[in-house]
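Beneath this line is the structure, given in structure tokens, with notes to follow.
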Amino acid sequence: MPTLSVFVDVPLARKLEGSLLKTYKRDNFPNKAFLAYRVCMTSEGQPWVSLVVCKTRLLVAQDPSLNYEYLPTMGMKSFIQASLELLFGKHSQAIVENRVGGVHTVGDSGAVQIGVQFLKAWHKDAQVVYIISSQKEMHGLIFQDMGFTVYEYCIWDPKRLCMDSKMFLDVVQVEGPRSELLPRPHLQSCFLSSPPPNLQEVVENIMLIKEKVKEKLRLLGTPGSWDHITEQSGTHGYLGLNFQQVEYLVKKKHIYIPQNGRINFSCINANNIDYITQSINEAVLATKGSE
């Protein structure tokens, strides 16, 4: 008879893969669509890879001077420094005065894990954390497992159909030092003022997709204003749908989007745009007056 493991009573860890994505993968509906991918997608529905990434991979693979020794405990110094300069600005006063630091981690979840451990050890009075709604499911579990109470906040104003930074500042003002706030900068949602040709094509494609979505909704006679779709910059943006409309899309139309209605517009392409816009129109009409 095999000996039982000493870890037999350890409960299984919860998978960090979002429940929305798991449900999507199990769905056999032919026209299903997942609009919550974090990366920029191509018109063929595949993750977009920058030419810079391809070039860099070749340079690394062909670099005879590359040192394959283990990295220092804190990670690769040149990578950390470049990351800090990207985040704060190369000539930031904080960098000049050596007031910032970084750690090289495995993925964003690894970074959050280290950050949570640091807060737990050195800011023991804070037991509450506020996470932006689009990141609660992904990173909230890490905080919960470390004993934090997790709440979510949103910077989207559903009445004015725009993002309002004042909503974040209100949370800061009310909670103050009693809690932690995790504002996540979405680098994939920012566009350069003068992007390289490869990126320029992606930028123009997303802008065109947004225009097409707005125009198709207008032609369908979908109630409400949809100008906010093109007024938002970046790959990700809010559709401006309420909870009932989002639920309708997920359960009735097999279109998977987060509860806050913030989608990745690069997931919309020529193959699914008609079905998606018709479904949005149907969801708005079917739930009219339900708020």
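Residue numbering for the sequence shown follows the working numbering, beginning at 3 and increasing consecutively. Glycine included, C-beta positions come from ideal geometry on N, C-alpha and C.
Would you mind reading off the limits of the beta strand (DSSP E) that contains residue i?
{"i": "residue 154", "result": "151 to 155"}
{"i": "residue 134", "result": "130 to 134"}
{"i": "residue 70", "result": "Looking at the DSSP string, residue 70 is not in any beta strand (DSSP E), and its letter there is neither H nor E."}
Could you check what DSSP says for residue i in three-state terms: helix, strand or coil?
{"i": "residue 191", "result": "Confidence is the limiting factor: at residue 191 the pLDDT is only 43, short of 50, which leaves the residue's position unreliable and the question unanswerable from this model."}
{"i": "residue 249", "result": "helix"}
{"i": "residue 30", "result": "coil"}
{"i": "residue 159", "result": "strand"}
{"i": "residue 93", "result": "coil"}
{"i": "residue 207", "result": "helix"}
{"i": "residue 38", "result": "coil"}
{"i": "residue 43", "result": "strand"}
{"i": "residue 87", "result": "helix"}
{"i": "residue 169", "result": "helix"}
{"i": "residue 182", "result": "strand"}
Assuming the contact rule is C-beta atoms closer than 8 Å, residue i and residue j should be a hit. Round their C-beta distance to whole Å, please.
{"i": "residue 148", "j": "residue 159", "result": "Incorrect: roughly 32 Å between the Cβ atoms, too far for contact."}
{"i": "residue 260", "j": "residue 22", "result": "7 Å"}
Among residues of its own chain, excluding the 5 on either side of residue i, which ones have a beta-carbon nearer than 6 Å to its beta-carbon?
{"i": "residue 142", "result": "133 and 152"}
{"i": "residue 211", "result": "267 and 270"}
{"i": "residue 41", "result": "49"}
{"i": "residue 135", "result": "154, 156 and 262"}
Within a Cβ cutoff of 7 Å, which residues of the same chain sit near residue i, ignoring the five residues on either side of it in sequence?
{"i": "residue 249", "result": "none"}
{"i": "residue 31", "result": "256"}
{"i": "residue 192", "result": "No answer about residue 192 holds up, because its pLDDT of 48 lies below 50 and its placement is not dependable."}
{"i": "residue 14", "result": "none"}
Please work out which residues of its chain come closer than 8 Å, Cβ to Cβ, to residue i, disregarding the five sequence neighbours upstream and downstream, and give them in chain order.
{"i": "residue 97", "result": "86, 87, 90 and 91"}
{"i": "residue 286", "result": "224, 225, 226, 243 and 247"}
{"i": "residue 73", "result": "106"}
Taking the continuous alpha helix (DSSP H) assigned at residue i, which residues delimit it?
{"i": "residue 110", "result": "109 to 124"}
{"i": "residue 57", "result": "53 to 63"}
{"i": "residue 289", "result": "Careful: residue 289 lies outside any alpha helix (DSSP H) and carries neither H nor E."}
Any beta strand (DSSP E) of 3 or more consecutive residues that is wholly inside the stretch 214 to 271: 238 to 240 and 264 to 266
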